[in-house]
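No gaps in the numbering here: position 88 of the sequence shown is 1467 in my numbering, and each next residue is one more. Okay, so here's the structure we're looking at.
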Amino acid sequence: MPPPPGIEPPASDIVTLSLISHTNAGKTTLARTLLRRDVGEVRDAAHVTLFNESYALLEEEARLLRLWDTPGFGDSARLLKRLKRERNPVLWFLSQSWDRLTDKPLWCSQQALKNVRDEADVVLYLVNATEPPEVAAYIAPEMEVLGWVGKPVLVLLNQTGPLQDPATEAAEMNAWREHLKSYPFVRSVLRMDAFARCWVQEDRLMESLAPLMPENKKEPFKHLKRAWHQRNVDIFRQSCRVLSELLTAAVVDGVSVRNETLLERVGIGRTDLNKEYQEARERLAVQLADRITAATNALIRLHGLEGEAARAMGALAKDNFHAPQQVPEAIWSVVGSVAGGAMGGLIADLKMGGMTFGGGALFGGLAAGLGAYALIKSYNLVRGGDQRLHWSREHFREQVRLAMLTYLAVSHFGRGRGEWQESAEPSHWNKLVDQVLDEHSDGVDRLWKEGVEKEILPDALSKAALPLVKDFLSCTLARLYPDVTIVA
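Right, here's the structure in full:
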C-alpha cells in the first residue's frame, strides 16, 4: 500500500537523482520535461535556481523516484577551493559565513553540493552540447567538483539543436565519451535534450541508471523503472488508438453525389455536376482538417503538454490536400496521342486544374480505357463501393504519412519549450517515414480497400488499423533509436 498523502516512503524506498550543470545550461527546463509539469523558473540568466528543489518524478506504490534540481555551477574553480575547506572546521565556518553575506550564489552552490553528496544515489550532469567538449573550459573544474561529490555520474547532452540522423547523434555522443573517459565516476553519456526528447530516450535513461544504483536501491528502482516504462507504453498505445481512429475516419469519410447523365458523360452541361464535385472536395477537406486538429490536440494532452494545435494545422492539411495533385505526365501522353482540336483544348484545361472530378469521363472510349476513374483518382477522389466520393488510395497514403509525422512531432516536444507549437520537422524524419510507409504499403492499401471498396464497418476497420499503426510507429522509432529495444 502507498503511504498516506504527504508522508514519504521509508528512505530505503526512495531513489534520489540530482540534476547538476553549469549555470544556465537548462536544468530546470529538463526537469519540466521529465516531470511533465511546470516547476521552477525558466529564463536565460545565470543562477536562476538558487536553492535545491525536490520534486517527485514518479510514485509507485510505496516507492518514490525523487529529483533534486540544484543551483548551477558558476565559478567552479573557486567553488572547489571552498568545498575543500570542509576538512578544516574553523576555516569552513568562516568561509561559509562570509560567502552567505557576500556571494549568495556561491554559498548556495556549496550547500547544494553537500546535499548531493549526502542524498543522491546518482548524479545527472547536464552539459550544453552546442559547443564541442574540448572547447567547454568549465568541464574540467566541474569534473573535479563531481569527483569531490563521489557519486556515479550520468552525463546528459542538452541543447543539441534540431534532431539529427542516428549516425550523427552517435558521433556526437562518442566525442563526449572520449573526452570524459579519464573520469572513472562518469559512467555513461546520453542525449537528453530538454526541447526534443522522446519517451524512448527516457526509457534508455532508466536503463542506464539501473546499474549505477547502490545495492540497497536496486530493488526499488527496478519497480520504478518498470512503472516508468509502463506509463510511456500506455501513452504510446493510446496515441496509436487516436491515430487509428483518425485514419479509419479518413477511409470511411465520403460525400454522396449524383451519377452523371449521358450528356454529362460526353462533356455537355457539366456545370452543375462540377460544382457539386467541388463542394464535395471542400467538405471532405474541411472534415479532414478538423479531424487532424482534434487528433493532434488529443496527442498533446496524452503527452502531458499544454496548448492546442492551431487552426494553422487545418490550413496545412488544406494546403497539402485540397488542391488537385498534378496528373501524371504519362496520362497526358496517352490521352494526347488520340486527341486533337477541341479535345486538345480540354486537355490543356485539365492540366491547369480547370476541370474537376469526372471531367475525364469524355476520354473514356478514347484513351485505351483511361476514363473518369483514372482522372478522379489523380485528383485525390474516387467513387467507392457505395457510389460516394472518397479520398483516393494515393491521398490516403499521404494522410498516413502526415499522421505519423504529427505523432513524432508531439512525442518529441519537450515541455520545457512551453505550450505546444508547430515547427518544421527534421528532414530525416520525412525520409524515414517514407521508407516505413513503403514497407507497410500493402497494409495501408488493404485498409483503404476494406473501407472504400468493401465498405467494412468502422469498428471493424479501426480494429484492423490499430496493429498497423502500432507496427508502423514502432518500426519508425526503432530506426530513430537503433540502440533501444522498442517494446510496446
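Glycine is no exception: its CB is placed at the ideal position from the N, C-alpha and C atoms.
Assigned exposure category for residue i - 16 Cβ within 10 Å defines buried
i, result
"M1692", "Because M1692 sits at a pLDDT of 41, beneath the cut-off of 50, its placement in the model cannot be relied upon, and the point is left open."
"T1428", "Reliability fails at T1428, whose pLDDT of 45 lies under 50, so the model's placement of it is uncertain and no value is given."
"N1537", "buried"
"R1416", "exposed"
"E1594", "exposed"
"P1861", "exposed"
"K1356", "Shown here, the chain extends from 1380 to 1867; a query on residue 1356 therefore has no answer."
"A1435", "exposed"
"E1624", "buried"
"R1484", "Sequence check: residue 1484 is Pro here, not Arg. Label assigned to P1484: buried."
"V1630", "buried"
"S1618", "buried"
"P1450", "buried"
"V1502", "buried"
Closest residue to residue i among the options (Cα-Cα distance)
i, options, result
"Y1656", "N1595, R1776, R1637 and E1432", "R1637"
"G1581", "T1412, A1668 and P1531", "A small fix is needed here, since residue 1581 is Glu in this sequence, not Gly. If we check each option's Cα against that of E1581, T1412 comes out closest."
"Q1666", "D1572, M1571, L1652 and W1770", "W1770"
"K1530", "V1761, Y1517, D1500 and N1507", "D1500"
"N1494", "A1516, W1527 and W1578", "W1527"
"S1391", "K1596, S1635 and T1675", "K1596"
"S1635", "V1761, L1856 and D1838", "V1761"
"A1516", "H1401, L1492, T1650 and I1835", "H1401"
"L1409", "S1488, L1492 and R1570", "R1570"
"E1818", "P1590, L1847 and P1450", "L1847"
"V1823", "A1843, L1663 and P1837", "A1843"
"G1795", "T1449, A1549, R1496 and R1576", "R1576"
"G1797", "R1457, R1858, R1670 and I1679", "I1679"
"D1813", "R1780, A1803, D1651 and V1514", "R1780"
"A1674", "R1620, R1662, S1802 and P1512", "R1620"
"R1496", "R1772, D1651, N1431 and A1668", "N1431"
Close beta carbons around residue i, own chain, < 6 Å, minus the five adjacent residues each side
i, result
"V1568", "V1534, M1552, W1555 and R1556"
"V1579", "L1856, Y1860 and V1863"
"Y1504", "I1399, V1532 and V1534"
"P1889", "Residue 1889 is absent from the model: the chain starts at 1380 and stops at 1867."
8 Å CB neighbourhood of residue i in its chain, flanking five on each side removed
i, result
"P1563", "none"
"L1437", "L1443, L1444, L1603, A1606, W1607 and R1610"
"P1599", "S1391, D1392, I1393, V1394 and R1442"
"S1802", "A1788"
Cα-Cα separation between residue i and residue j, rounded to whole angstroms
i, j, result
"L1840", "E1829", "7 Å"
"Q1778", "L1626", "8 Å"
"L1816", "R1776", "8 Å"
"D1632", "D1572", "39 Å"
"S1806", "D1850", "22 Å"
"L1768", "E1658", "11 Å"
"R1660", "T1785", "23 Å"
"K1730", "V1831", "Residue placement at K1730 is flagged as unreliable, the pLDDT there being 38, under the threshold of 50; the coordinate-derived value follows with that caveat. Computed Cα separation, rounded: 27 Å."
"A1782", "D1482", "53 Å"
"C1854", "T1509", "29 Å"
"V1789", "L1622", "13 Å"
"A1361", "F1792", "The chain is shown from 1380 up to 1867; residue 1361 falls before or after that span and cannot be answered."
"R1825", "H1774", "14 Å"
"I1865", "S1488", "39 Å"
"S1820", "Q1800", "30 Å"
"F1574", "V1506", "14 Å"
"A1565", "S1587", "For the record, residue 1565 in the displayed sequence is Val; it is not Ala. Distance between the alpha carbons of V1565 and S1587 is about 12 Å."
"K1654", "A1546", "52 Å"
"R1422", "S1433", "Because R1422 sits at a pLDDT of 41, beneath the cut-off of 50, its placement in the model cannot be relied upon, and the point is left open."
"P1590", "E1834", "53 Å"
"M1592", "A1491", "21 Å"
"W1827", "A1549", "38 Å"
"L1852", "N1676", "18 Å"
"R1457", "E1513", "21 Å"
Contacting residues, own chain, Cβ-Cβ under 7 Å from residue i (five flanking each side not counted)
i, result
"G1720", "Its pLDDT being 37, under 50, G1720 is placed unreliably in this model, and the value from its coordinates should be taken loosely. No residues qualify anywhere along the chain."
"W1808", "L1784 and L1787"
"L1584", "L1569 and M1571"
"G1744", "With a pLDDT of 29 at G1744, under the threshold of 50, the modelled position of that residue is not reliable, and no figure is offered here."
"R1858", "L1811"
"L1845", "C1619, R1620 and S1623"
Proximity test, Cβ basis, 9 Å: residue i and chain D
i, result
"L1503", "The structure shown contains no chain D; it is built from a single protein chain."
Please confirm if the segment 1676-1691 is in contact with the segment 1610-1629, defined as three or more CB-CB distances below 8 Å between the two stretches.
The segment 1676-1691 and the segment 1610-1629 touch, with no fewer than 3 CB-CB distances between them shorter than 8 Å.
Assess contact between the segment 1519-1526 and the segment 1552-1567, defined as three or more Cβ pairs (one per stretch) separated by less than 8 Å. Is contact present?
By the C-beta criterion, the segment 1519-1526 is judged to be in contact with the segment 1552-1567, since at least 3 inter-stretch pairs fall below 8 Å.
Touching or not, the segment 1391-1403 and the segment 1435-1447, by the rule of three or more beta carbon pairs under 8 Å?
Cβ pair count under 8 Å is three or more, so yes.
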